[in-house]
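The structure appears right after this line, and notes come after that.
Number of protein chains: 2
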Amino acid sequence: MKKVTINSVATYAGVSKKTVSRVLNNEPNVSPATREKVLKVFKELDYTPNPIARGLARNRSFIIGCLYDNPSKSYITRVQSGALEACHKHHYNLLIHPCELRGEELIANIEHLLTTSRLDGMVLTPPFSDSQELIDFLKKKKIHFARVASAIDDAESISVRSNDEQGAYEITEHLIKLGHSNIAFIKGHPDHSATEQRFSGYQRALAEHNIAFNPKLVAEGNFSYHSGADSAKAILDLEPRPSAVFASNDYMAAAVLKLATQRQLKVPQDISIAGFDNAPIARHIWPGLTTIAQPVEEMTRQAVEQLILQIGDEQTPVYQATLEAKLITRESTAQHK
Amino acid sequence: MKKVTINSVATYAGVSKKTVSRVLNNEPNVSPATREKVLKVFKELDYTPNPIARGLARNRSFIIGCLYDNPSKSYITRVQSGALEACHKHHYNLLIHPCELRGEELIANIEHLLTTSRLDGMVLTPPFSDSQELIDFLKKKKIHFARVASAIDDAESISVRSNDEQGAYEITEHLIKLGHSNIAFIKGHPDHSATEQRFSGYQRALAEHNIAFNPKLVAEGNFSYHSGADSAKAILDLEPRPSAVFASNDYMAAAVLKLATQRQLKVPQDISIAGFDNAPIARHIWPGLTTIAQPVEEMTRQAVEQLILQIGDEQTPVYQATLEAKLITRESTAQHK
DNA sequence: CCACTATCTGACACCGGTGTCATAATGTGG
DNA sequence: CCACATTATGACACCGGTGTCAGATAGTGG
Numbered sequence: 002m003k004k005v006t007i008n009s010v011a012t013y014a015g016v017s018k019k020t021v022s023r024v025l026n027n028e029p030n031v032s033p034a035t036r037e038k039v040l041k042v043f044k045e046l047d048y049t050p051n052p053i054a055r056g057l058a059r060n061r062s063f064i065i066g067c068l069y070d071n072p073s074k075s076y077i078t079r080v081q082s083g084a085l086e087a088c089h090k091h092h093y094n095l096l097i098h099p100c101e102l103r104g105e106e107l108i109a110n111i112e113h114l115l116t117t118s119r120l121d122g123m124v125l126t127p128p129f130s131d132s133q134e135l136i137d138f139l140k141k142k143k144i145h146f147a148r149v150a151s152a153i154d155d156a157e158s159i160s161v162r163s164n165d166e167q168g169a170y171e172i173t174e175h176l177i178k179l180g181h182s183n184i185a186f187i188k189g190h191p192d193h194s195a196t197e198q199r200f201s202g203y204q205r206a207l208a209e210h211n212i213a214f215n216p217k218l219v220a221e222g223n224f225s226y227h228s229g230a231d232s233a234k235a236i237l238d239l240e241p242r243p244s245a246v247f248a249s250n251d252y253m254a255a256a257v258l259k260l261a262t263q264r265q266l267k268v269p270q271d272i273s274i275a276g277f278d279n280a281p282i283a284r285h286i287w288p289g290l291t292t293i294a295q296p297v298e299e300m301t302r303q304a305v306e307q308l309i310l311q312i313g314d315e316q317t318p319v320y321q322a323t324l325e326a327k328l329i330t331r332e333s334t335a336q337h338k
Numbered sequence: 002m003k004k005v006t007i008n009s010v011a012t013y014a015g016v017s018k019k020t021v022s023r024v025l026n027n028e029p030n031v032s033p034a035t036r037e038k039v040l041k042v043f044k045e046l047d048y049t050p051n052p053i054a055r056g057l058a059r060n061r062s063f064i065i066g067c068l069y070d071n072p073s074k075s076y077i078t079r080v081q082s083g084a085l086e087a088c089h090k091h092h093y094n095l096l097i098h099p100c101e102l103r104g105e106e107l108i109a110n111i112e113h114l115l116t117t118s119r120l121d122g123m124v125l126t127p128p129f130s131d132s133q134e135l136i137d138f139l140k141k142k143k144i145h146f147a148r149v150a151s152a153i154d155d156a157e158s159i160s161v162r163s164n165d166e167q168g169a170y171e172i173t174e175h176l177i178k179l180g181h182s183n184i185a186f187i188k189g190h191p192d193h194s195a196t197e198q199r200f201s202g203y204q205r206a207l208a209e210h211n212i213a214f215n216p217k218l219v220a221e222g223n224f225s226y227h228s229g230a231d232s233a234k235a236i237l238d239l240e241p242r243p244s245a246v247f248a249s250n251d252y253m254a255a256a257v258l259k260l261a262t263q264r265q266l267k268v269p270q271d272i273s274i275a276g277f278d279n280a281p282i283a284r285h286i287w288p289g290l291t292t293i294a295q296p297v298e299e300m301t302r303q304a305v306e307q308l309i310l311q312i313g314d315e316q317t318p319v320y321q322a323t324l325e326a327k328l329i330t331r332e333s334t335a336q337h338k
């Protein structure tokens with residue numbers, strides 16, 4: 002059984018391969034009779050066009066690469082889901098490529114990726130969206146890319162972010178308005194720009210409500226549940242014990258909640274806990290976590306959609322947007338006794 | 002600035018493009034001097050070979066596709082992580098393609114996927130690994146594939162599974178040995194073969210310990226947290242209330258735990274809860290969930306690795322394996338009072 | 001019925017690599 | 001120094017499509 006190519010179809014149908022190609026791509030200027038005939042041969046021979054050959058001729062792969070290095074699985078899942086939505090809408094596919102930000106091999110790694118499979122563009126998610134080195138490399142290689150949740154200001158490249166600083170401000174203010182003033186904070190991974198932004202939102206809220214910032218209340222996390230557990234221990238051992246904890250993401254907040262519960266503390270009666278991201282876990286546990294909902298899917302969807310537009314037409318204006326983050330109150334925060 | 006192709010390199014280096022190709026692929030029979038010269042030009046011109054052209058000539062894309070339709074995000078994450086490990090080891094990349102099992106468009110959808118991007122092979126995860134229709138289609142199209150956690154017996158195709166029935170048996174027996182006899186069960190999604198297997202493991206354990214099977218204790222779930230919440234309500238309202246609940250996965254078990262806690266029930270003192278999968282959430286909540294650890298990453302890793310071997314050499318014997326599932330006891334199950 | 005335009009169709013080069021095979025250059029033993 | 005094996009190199013076809021452009025065919029108005 003021989004492979005069915007455009008040539009076999011052409012011969013079998015008694016037309017030129019160009020005509021077959023026309024039918025394949027729904028191009029005009031093919032008589033209905035011819036089109037019919039060719040379509041019938043497609044079925045008869047069970048022909049599937051070879052995307053690689055097509056890609057070579059058109060210089061397109063219709064594949065977008067998604068780069069990430071993120072301890073939060075749910076964040077990645079959401080990123081993928083947004084990216085896939087945009088991809089499928091435009092008949093693109095998504096190739097995922099987790100890799101480590103650190104290490105000089107990053108560029109080599111990406112170079113190898115590009116040597117292995119030609120990508121029409123790349124979506125950079127944190128912390129890659131903040132890697133100037135990578136951005137410069139992609140520009141040099143003339144690879145289209147879009148940045149998600151990046152803090153870098155670069156008018157030349159697509160960027161969709163949400164306002165982390167403002168979100169952190171709002172959730173901190175929410176705690177303050179509930180009467181809390183002794184509010185612990187757990188930082189995220191130092192490589193992520195969101196870490197600094199959420200931290201400064203926290204600080205701004207304190208400052209604007211005349212609460213002195215106390216560095217002893219700050220624990221170093223890295224967005225992982227595990228790091229949250231470590232930070233939780235440090236925070237719950239503080240004297241006096243803070244009446245509220247704001248963790249930079251929901252996983253770390255969940256770790257605080259777990260330890261607090263293990264220690265027989267009632268949440269939120271004895272201690273309020275707030276997170277960030279509105280990850281699934283925030284509503285899968287009891288009490289549900291008060292948190293900031295970031296439109297991760299939507300950010301990625303927009304970023305990828307714009308990326309695809311840019312690939313299709315280099316003249317497309319560079320899209321830059323900041324989406325809103327929203328406070329979601331659940332049972333884990335309450336009035337300070 | 003012109004594109005750098007193998008031709009420009011060849012001209013610039015004063016050799017034929019075939020020689021350049023030889024250097025590119027580390028082929029023998031190139032004099033050290035020539036090799037050196039060409040490598041220097043690579044650097045000078047910052048040449049990156051075009052993977053599409055290479056793919057066309059070699060009839061390879063070095064991309065594996067991963068098919069899934071699964072409500073459990075953590076399951077998918079684990080699948081991806083195992084698949085990526087195997088891919089990267091062999092210099093392959095991973096393209097992800099979630100789609101719906103139901104609907105006659107499935108085959109059309111996959112056909113479109115194959116038309117859009119040529120894949121060297123596909124990993125089928127549940128419920129696709131159990132779709133005879135899809136398997137037949139892929140065979141007809143001569144696409145290599147590997148099945149993960151499939152219940153279908155097909156000696157011709159690669160398959161890696163774990164023993165769900167035995168796992169369910171063991172965790173049910175664990176509950177029985179703790180003195181429980183009124184054990185509720187939440188089923189998974191009907192499209193997944195694991196659902197039936199876990200259910201029959203539950204039933205076998207009851208039978209072997211002379212406990213009458215009571216259909217009223219069985220709730221229909223679909224592996225999602227939400228369905229678990231619905232089932233939880235039905236189960237906790239039963240009279241008499243079961244002393245233990247075994248949910249077919251951890252998300253649904255977490256939903257039971259949440260509702261029980263909301264209703265002021267103490268877990269495990271008032272009711273024991275067991276899950277399946279050892280998803281991250283099982284250890285992120287308090288009390289931690291007793292569950293069955295399935296080696297999802299390892300299953301997928303092996304499946305993809307074998308798939309790649311098969312792609313490289315059609316003569317490779319078809320690999321079939323069943324990995325062991327392991328009982329993990331945490332705080333959510335205890336002796337019946 | 002003819003001139004002229006609009007609609008089809010195919011020949012051919014091309015995308016950027018790899019495989020085959022012939023030939024050139026080099027090395028080895030007698 | 002020659003016969004012969006070995007290594008190095010390039011010419012050329014080929015992978016399976018698409019773009020360009022010229023020529024053929026059909027359609028239209030005078």
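As given, the protein sequences belong to chains A and B, one line each in that order. For the first sequence, position 35 (counting from the first letter as 1) is numbered 36 according to my numbering, and the numbering increases by one without interruption. For the second sequence, position 55 (counting from the first letter as 1) is numbered 56 according to my numbering, and the numbering increases by one without interruption. Heads up, the beta-carbon is just placed ideally off N, CA and C, and yes, glycines get one too. Values in this document were obtained by computation on a predicted structure and should not be read as measured data.
Contact criterion: CB-CB distance below 8 Å. Does Asn27 (chain B) meet it with respect to chain A?
Judged by the 8 Å Cβ criterion, Asn27 (chain B) is not in contact with chain A.
Neighbouring residues, chain A, relative to His92 (chain B) (Cβ below 7 Å)
Result: Thr117.
Only counting the same chain, and skipping five residues up and downstream in sequence, which positions put a Cβ closer than 6 Å to that of Arg205 (chain B)?
Take Arg205 (chain B), set aside five residues on each side of it, and the residues of its chain with a beta-carbon closer than 6 Å to its own are Tyr170, in chain order.
Of the listed residues A:Gly122, A:Leu107, A:Thr49 and A:Leu120, nearest to Gln133 (chain A) (C-alpha basis)
Sorting A:Gly122, A:Leu107, A:Thr49 and A:Leu120 by C-alpha distance to the C-alpha of Gln133 (chain A) places A:Leu107 at the top.
To the nearest whole angstrom, what separates the beta carbons of Ser273 (chain A) and Leu207 (chain A), a pair I think is in contact under 8 Å?
About 15 Å separates the two Cβ atoms, so there is no contact after all.
Could you pull out every unbroken alpha helix (DSSP H) segment of at least 4 residues lying fully inside the segment 276 to 320 of chain A, listed in chain order?
Entirely contained in the segment 276 to 320 of chain A, the alpha helix (DSSP H) runs reaching 4 residues are, in chain order, 282 to 285 and 297 to 313.
Expressed to the nearest angstrom, what Euclidean distance is found between the alpha-carbon atoms of Phe292 (chain A) and His113 (chain B)?
The question names Phe, but residue 292 (chain A) is Thr in the sequence shown. Between Thr292 (chain A) and His113 (chain B), the C-alpha separation is close to 40 Å.
If we define contact as Cβ-Cβ less than 8 Å, is Lys41 (chain A) a contact residue for chain B?
Not closer than 8 Å to any Cβ of chain B, the Cβ of Lys41 (chain A) fails to qualify, so no.
Assuming Val24 (chain B) is part of the alpha helix (DSSP H), what are its boundary residues?
Per DSSP, the unbroken alpha helix (DSSP H) holding Val24 (chain B) starts and ends at Lys18 to Leu25.
Can you determine whether any heavy atom of the ligand FAD sits closer than 7 Å to the C-beta of Glu174 (chain A), and answer yes or no?
Of the ligands one can find in the structure shown there are none, so the ligand FAD has no counterpart to examine.
For a quick check, are the C-beta atoms of Ala195 (chain A) and Leu218 (chain A) less than 8 Å apart?
Contact: no.
Once you ignore the five residues that flank Asn30 (chain A) on each side, which residues in its own chain have a CB closer than 8 Å to its CB?
Arg23, listed in sequence order.
Cut-off 7 Å between Cβ atoms - residues of its own chain near Leu260 (chain B), not counting five sequence neighbours on either side
The beta carbon of Leu260 (chain B) is closer than 7 Å to those of Ala230, Ala233, Lys234 and Leu237 in its chain, skipping five residues each way along the sequence.
Give me, in chain order, the residues of the same chain whose beta-carbon lies closer than 8 Å to that of Gln336 (chain B); leave out the 5 immediate sequence neighbours on both sides.
Correct list, in chain order: Leu179 and Gly180.
Could you give the DSSP three-state label for Thr323 (chain A): helix, strand or coil?
If DSSP states are grouped into helix, strand and coil, Thr323 (chain A) belongs with the strands.
Are Pro127 (chain B) and Asn164 (chain B) closer than 8 Å when you measure CB to CB?
At a Cβ-Cβ threshold of 8 Å, Pro127 (chain B) and Asn164 (chain B) do not count as neighbours.
Determine whether the beta carbon atoms of Ile65 (chain A) and Asp121 (chain A) lie at a separation below 8 Å.
Using a Cβ distance threshold of 8 Å, Ile65 (chain A) and Asp121 (chain A) count as a contacting pair.
Is His89 (chain A) closer than 8 Å to Cys67 (chain A) when the C-beta atoms are compared?
With contacts defined by Cβ atoms closer than 8 Å, Cys67 (chain A) and His89 (chain A) do not form a contacting pair.
Is DSSP giving Gly66 (chain B) helix, strand or coil here?
Note: Gly66 (chain B) maps to strand in three-state DSSP.
Is it buried or exposed, Val319 (chain B), if we count other Cβ atoms within 10 angstroms and call 16 or more buried?
Label assigned to Val319 (chain B): exposed.
Using beta carbons (cut-off 8 Å, strictly below), is His98 (chain A) in contact with chain B?
Interface with chain B (8 Å Cβ-Cβ cutoff): His98 (chain A) is included.
With respect to the alpha helix (DSSP H) encompassing Ser75 (chain B), which residues constitute its N-terminal and C-terminal limits?
From DSSP, the alpha helix (DSSP H) with Ser75 (chain B) extends over Lys74 to Lys90.
Taking the C-alpha atoms as reference points, what is the distance between Pro243 (chain B) and Ala220 (chain B)?
Pro243 (chain B) and Ala220 (chain B) have their alpha carbons spaced roughly 12 Å apart.
Which of helix, strand or coil does DSSP assign to Pro99 (chain A)?
Strand.
Name, going along the chain, the residues of the segment 49 to 61 of chain B whose beta-carbon falls closer than 7 Å to a beta-carbon of chain A.
Listed in sequence order: Thr49, Pro50, Asn51, Pro52, Ile53, Ala54, Gly56 and Leu57.
Option in B:Cys100, B:Asn110, B:Ser82 and B:Thr117 with minimal Cα separation from Cys100 (chain A):
If we check each option's Cα against that of Cys100 (chain A), B:Ser82 comes out closest.
Which residues of the segment 261 to 274 of chain B have a Cβ closer than 7 Å to any Cβ of chain A? Give them in chain order.
Within the segment 261 to 274 of chain B, the residues whose Cβ lies closer than 7 Å to any Cβ of chain A are, in chain order, Thr262 and Gln263.
Can you list, in chain order, the residues of its chain with a C-beta nearer than 6 Å to that of Ala266 (chain A)? Leave out the 5 residues immediately preceding and following it.
Here the sequence assigns Leu to residue 266 (chain A), which means Ala is not the residue at that position. Closer than 6 Å at the Cβ level, and outside the excluded window around Leu266 (chain A), lie Ile272.
Compare the C-beta of Ser75 (chain B) against all C-beta atoms of chain A and say whether one is closer than 8 Å.
For Ser75 (chain B), at least one C-beta of chain A is nearer than 8 Å to its own C-beta.
Using 8 Å as the limit for Cβ to Cβ distance, is Val69 (chain A) near chain B?
Position check: residue 69 (chain A) holds Tyr in this sequence, whereas Val was assumed. For Tyr69 (chain A), the answer is no, since every Cβ of chain B falls outside 8 Å of its Cβ.
In three-state terms, what does DSSP make of Val246 (chain A)?
Residue state for Val246 (chain A) is assigned as strand, using DSSP reduced to three classes.
Using a Cβ-Cβ distance under 8 Å, would Ala283 (chain A) count as near chain B?
It does not; no Cβ of chain B falls within 8 Å.
Between A:Leu258, A:Ile153, A:Lys141 and A:Ile177, which lies nearest to Asp47 (chain B) when the distance is taken from Cα to Cα?
Residue A:Lys141 is the option with its Cα nearest to Asp47 (chain B).
Check whether the segment 283 to 292 of chain B touches the segment 302 to 320 of chain B, counting contact only when three or more Cβ pairs, one atom from each stretch, lie closer than 8 Å.
At 8 Å Cβ cutoff, the stretches do not touch.
Beta-carbon neighbours of Thr78 (chain A), restricted to chain B and to distances below 9 Å:
For Thr78 (chain A), the neighbours in chain B by C-beta distance under 9 Å run, in chain order, Lys74, Ser75, Ile77 and Thr78.
When DSSP labels each residue in this structure, what does Val257 (chain B) get in the three-state scheme?
Helix, per DSSP.
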